[in-house]
Amino acid sequence: MERSHAKCDVAVIGGGIAGLWTAALLRNSGYGVIVITPDFGGGQTIASQGIIHGGVKYALGGLAGDDSAAIAEMPERWRRALAGEGPVDLRGAHTLSENCLLWTRPGRGARLMAAAAARTIREKPRKLEPAHRPPPFDMAPGGVEVYALSEPVLAAHSVLLALRAGLTCLVCPDEAGAIELSLESGRVHTVRVRAPQHHLDVRAAAIVLAAGAANETLFQAVKAGRERAMQRRPLHMVMVRGRLPRVYGHCIGMHPRPLATITSTADSQKRCVWYIGGQIAEDGVSMSSSDLIAKAKHEMAQNLPWISLDGTQWATWRVDRAEARMPGQRKPDGPAILNRGNLLAGWPTKLAFAPLIAEQLLDHIRQLRVEPTGTATVPDGAPPPEIAPYPWDQPEVIWT
Numbered sequence: 069m070e071r072s073h074a075k076c077d078v079a080v081i082g083g084g085i086a087g088l089w090t091a092a093l094l095r096n097s098g099y100g101v102i103v104i105t106p107d108f109g110g111g112q113t114i115a116s117q118g119i120i121h122g123g124v125k126y127a128l129g130g131l132a133g134d135d136s137a138a139i140a141e142m143p144e145r146w147r148r149a150l151a152g153e154g155p156v157d158l159r160g161a162h163t164l165s166e167n168c169l170l171w172t173r174p175g176r177g178a179r180l181m182a183a184a185a186a187r188t189i190r191e192k193p194r195k196l197e198p199a200h201r202p203p204p205f206d207m208a209p210g211g212v213e214v215y216a217l218s219e220p221v222l223a224a225h226s227v228l229l230a231l232r233a234g235l236t237c238l239v240c241p242d243e244a245g246a247i248e249l250s251l252e253s254g255r256v257h258t259v260r261v262r263a264p265q266h267h268l269d270v271r272a273a274a275i276v277l278a279a280g281a282a283n284e285t286l287f288q289a290v291k292a293g294r295e296r297a298m299q300r301r302p303l304h305m306v307m308v309r310g311r312l313p314r315v316y317g318h319c320i321g322m323h324p325r326p327l328a329t330i331t332s333t334a335d336s337q338k339r340c341v342w343y344i345g346g347q348i349a350e351d352g353v354s355m356s357s358s359d360l361i362a363k364a365k366h367e368m369a370q371n372l373p374w375i376s377l378d379g380t381q382w383a384t385w386r387v388d389r390a391e392a393r394m395p396g397q398r399k400p401d402g403p404a405i406l407n408r409g410n411l412l413a414g415w416p417t418k419l420a421f422a423p424l425i426a427e428q429l430l431d432h433i434r435q436l437r438v439e440p441t442g443t444a445t446v447p448d449g450a451p452p453p454e455i456a457p458y459p460w461d462q463p464e465v466i467w468t
């Protein structure tokens, strides 16, 4: 069995947006960083809708507290990065839409819910009169109200490409036991990557776990006690492809959460794909794919009754949101970090919080007094990870 060695100041395990943002921030702060991951974005990142939330979901649920205040700052932080003005440069990332829309189903109750949400969101939505609505909402029937929200929508692949630029990255097998953490005197001193014909030992002064659901096994392996560190909240997303207009936003009715949140992109064949989350994705967790598609067709006919869905194809995609464990399985207010010695495990909770958790992890690294030597050496010829395909481009997805 061949064995090789690598060395760095900080090893980041996980190649999603939060992990790569953290790695880029650490590198730009003088640390030598190696990212270890099976691929870039696999799991939650490529299954996200790419919305940089500003708090509309909290406002709709009447939760305009600390969590709403923290997330309200995120769209502006991301916009600064997209302009190349922050500590992490995202100028290479592609913005699908500068804003999300909030629209109502016809009916007085939905309009009242929208008005109430508009009053509680920190950055006030702009109500759009019919003459100033973008397609396809310029064709909405009377009784539908439309607001513009300061929530940009980004193409996840382009964000991953921008973040990985200049980073030192190593690919690891996507299987249980591929990564082992070796301890000495209560501290992790080596990350051991096990491939079928090759083992690689990465020595690092600090280790950051930013691997989403994979954090749990790695952290529990070195954590004292049996208390679980992580919780999962599943979603069953809906996908529609065909001759469709681009839609980015939240449809609301009388429910405290958006009935549906829709983002749009093009698949590998240049077909428009709607990617649908929101309440329907939560309700769909207990449903089969066929039952959820039937429900989604009925819901979309009510949410967007003026748009024809004739000739479209439908599919679904399951994903688990990995979060730090909270009492009563409640949703965390923001990012969460657990640590044991020089091992840090981070869960951003939402894509929008990637800049915030990166800053918090940098603070922890500094508190550990890790010297930023800038060293990040890997064996010659080590293959880099590839970017994971989007759900709608996955070969195992069945379209009907």
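When we follow the working numbering, the leftmost residue of the sequence shown carries the number 69, and every step to the right adds one.
We treat Cβ as the ideally placed atom computed from N, Cα and C, and that holds for glycine.
Model, not experiment: these values are computed from the prediction.
Considering only the beta carbon of each residue, do residue i and residue j sit closer than 8 Å?
i: I361; j: T384; result: yes
i: P400; j: T417; result: yes
i: R300; j: A281; result: yes
i: G160; j: A230; result: yes
i: G409; j: R255; result: yes
i: P440; j: D157; result: no
i: V261; j: C240; result: yes
i: S116; j: H162; result: no
i: R325; j: G346; result: yes
i: L170; j: V124; result: yes
i: I139; j: G118; result: no
i: Q265; j: E454; result: no
Since residue i contacts residue j with CB under 8 Å, what's their CB separation in whole angstroms?
i: L424; j: G402; result: 7 Å
i: P193; j: L228; result: That belief does not hold up - the Cβ atoms of P193 and L228 are roughly 29 Å apart, past 8 Å.
i: A199; j: L249; result: Actually they are not in contact, since the Cβ atoms of A199 and L249 sit about 60 Å apart, beyond 8 Å.
i: L470; j: E350; result: Since the first residue shown for the chain is 69 and the last is 468, residue 470 is missing from the structure and cannot be characterised.
i: I344; j: I330; result: 5 Å
i: D269; j: P106; result: With a Cβ gap of about 18 Å, D269 and P106 do not count as contacting.
i: R271; j: T285; result: R271 to T285, Cβ: 21 Å. No contact.
i: K365; j: M355; result: That pair is no contact at about 13 Å.
Strictly by DSSP, which residues pair up with residue i?
i: C237; result: V103
i: T163; result: L222
i: S72; result: L268
i: G310; result: C340
i: A263; result: H266
i: D388; result: P302
i: N407; result: L412
i: S250; result: T258
i: S332; result: W342
i: V214; result: W171 and L196
i: Q382; result: For clarity, residue 382 is Trp in the given sequence; the question names Gln instead. V308, per the DSSP bridge assignment.
i: A444; result: C76
i: F108; result: I455
i: L277; result: I81 and A413
i: H318; result: L170 and T329
i: I119; result: V221
Among the residues of its own chain, which have a CB less than 7 Å from the CB of residue i, if the five just before and after it don't count?
i: L406; result: F287, A297, A392 and A413
i: R232; result: L88 and F108
i: P155; result: L93 and N96
i: G111; result: G84, G280 and A281
i: D335; result: R309, V341, W460 and D461
i: N371; result: R173, C319, L327 and A328
i: G98; result: P440 and G442
i: R148; result: G154
i: G245; result: R262
i: Q397; result: Q299
i: G152; result: R159
i: H323; result: Q347
i: S357; result: T384
Please list, in chain order, all residues of the same chain as residue i whose beta carbon is under 6 Å from its beta carbon, the five residues on each side excluded.
i: A91; result: V80, V101, V103 and L235
i: R389; result: R301
i: R201; result: V214
i: A456; result: D107, G109, G110 and I114
i: A426; result: W89, T90 and L93
i: S72; result: L268 and P447
i: W467; result: Q381 and A383
i: A450; result: L238
i: L436; result: A274 and N410
Tell me which residues share the same chain as residue i and place their Cβ nearer than 8 Å to its Cβ, disregarding the 5 neighbours each side in the sequence.
i: E367; result: L327, A328 and I348
- Task: Would you be able to state if there are at least three C-beta pairs under 8 Å between the segment 77-88 and the segment 275-283?
- Result: yes
- Are at least three pairs of beta-carbons, each pair with one atom in the segment 303-317 and one in the segment 363-379, less than 8 Å apart? yes
- Message: Using 8 Å as the cut-off, can you tell me whether the segment 215-223 makes contact with the segment 160-171, which would need three or more C-beta pairs spanning the two stretches below that distance?
- Response: yes
- Message: Could you check whether the segment 134-151 touches the segment 443-455, counting it as contact only if at least three pairs of C-beta atoms, one from each stretch, sit closer than 8 Å?
- Response: no
- Are three or more beta carbon pairs between the segment 191-209 and the segment 406-416 nearer than 8 Å? no
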